[in-house]
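Visitor: One rule links them: number in the working numbering = place in the sequence shown (from 1) + 3.
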Amino acid sequence: MFRHITHRLADLSTSLLLLLLLLAAISSPARARDDGIVRVKSAVPMAEAITRIKADIANKGIKFFSEIDQSKLAADAGIKLRPSTLLVFGNPPLGTRFITSNPNAGLDWPVRLLLTQDDNGDVWAVWT
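#1: Span of the alpha helix (DSSP H) holding ARG115?
#2: Applying the 10 Å Cβ sphere with the 16-neighbour rule, what's the burial state of THR88?
#3: So what does DSSP say about LEU76, is it helix, strand or coil?
#4: For the alpha helix (DSSP H) that contains ALA52, what are its first and last residues?
#5: What residues are listed by DSSP as bridge partners for ILE71?
#6: Tell me which same chain residues have a C-beta within less than 8 Å of the C-beta of ASP121, skipping the five on either side of it?
#7: Determine contact between the stretch 107–124 and the stretch 90–97, defined as no fewer than three beta-carbon pairs at a distance below 8 Å.
#8: Using 8 Å as the threshold, is the C-beta distance between ARG55 and VAL129 below it?
#9: State the DSSP-derived secondary structure class of ALA46, mapped to helix, strand or coil.
#10: Once you ignore the five residues that flank ALA61 on each side, which residues in its own chain have a CB closer than 7 Å to its CB?
#11: First and last residue of the beta strand (DSSP E) that includes ALA128?
#12: If we call anything under 8 Å between Cβ atoms a contact, is GLY39 one with THR131?
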């Protein structure tokens, strides 16, 4: 069983890496900051990045939980916010095994990937 979990973790890690590489512009490598947050500059506009990531998640058989348009939520509250969308996805059988062994793993499972657009119009994928 442990071997199965290890293979599933490797598959999930590979899938996540492929998703993130899709976003990365060759001239803008991923940058990890001291706070544990990684940012990757997207080579494509926000809507296209979201569409591609969701398609890749589906093609890999990973469960997609939700897309949260944070800028729309802000607008509904009368607040202006640059484009910001949170994608939530994962592998429940694998994720729950981690959470079962360490409840604090629930902070990172399921996977949350934030797409934001800065003042220059650049789109960034952000995760921990």
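In this text, a Cβ means the ideal position worked out from N, Cα and C, and glycines have one as well.
Guide: In terms of the structure at hand:
#1: Annotation for ARG115: no alpha helix (DSSP H) segment contains it, though the beta strand (DSSP E) segment containing it runs 114–120.
#2: With 16 or more Cβ atoms within 10 Å of its Cβ, THR88 is classed as buried.
#3: Helix at LEU76.
#4: Segment 49–62, the alpha helix (DSSP H) holding ALA52.
#5: In the DSSP output, where bridge partners are listed per residue, ILE71 has LEU89.
#6: Close CB contacts of ASP121 within its chain, under the 8 Å cut and outside five residues either way in sequence, are with ARG85, TRP127 (chain order).
#7: Yes, the stretch 107–124 touches the stretch 90–97.
#8: No, these two residues do not count as a Cβ contact at 8 Å.
#9: Here ALA46 sits in coil by DSSP.
#10: Within the same chain, ALA61 has close Cβ partners PHE67.
#11: From DSSP, the beta strand (DSSP E) with ALA128 extends over 126–130.
#12: Yes, they are a contact pair.
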